[in-house]
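Residue numbers (our numbering): 65 to 206.
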């Protein structure tokens, strides 16, 4: 056996690894693998596959709001034909159409200024210790 055998073996293993990675990253979802499209009638008249849907508006919920309760839904509430979570959605905070301001977060259905709110400092439910303040979204900054 010559000295080129380890090099050939290494090259072959590297080629197999690259092929396996290419196969693993080339997943194309099918109609049956999308969580929102199971058990629904699709009007496909043989004109190719439908475009990739926006995750916020895969199926309009205005006619059947229960679709928002499906596992994997963006939220259990239907606002303007989209499934949302009114407890965390900045565009529908607490109720449909209630928009949080710039730099505000929606925490438990309330718009909060997380950069100064000591009960939601930097993120929802991040409470600063007693006696400290929230500045720039950090407890006891300075």
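Built from N, CA and C at the ideal position, the CB exists for glycine as well.
Computed from a predicted structure; not experimentally measured.
For residue 169, the enclosing beta strand (DSSP E) has its first and last residue at 169 to 171. Beta-bridge partners assigned by DSSP to residue 141: 148. By the Cβ neighbour-count rule, residue 139 is buried, with 16 or more other Cβ atoms within 10 Å of its own.
Excluding its 5 nearest sequence neighbours in each direction, residue 183 has C-beta neighbours in its own chain below 6 Å: 191, listed in chain order. Judged by beta-carbon spacing, residue 198 lies within the 8 Å limit of residue 181, meaning their Cβ atoms are closer than that value. When C-alpha distances from residue 187 are compared across 195, 196, 194 and 200, the shortest belongs to 200. Collapsing the DSSP output to three states places residue 174 in a strand. The alpha-carbon separation between residue 136 and residue 127 amounts to approximately 19 Å. Around the beta carbon of residue 150, 16 or more other beta carbons sit within 10 angstroms, so the residue counts as buried.
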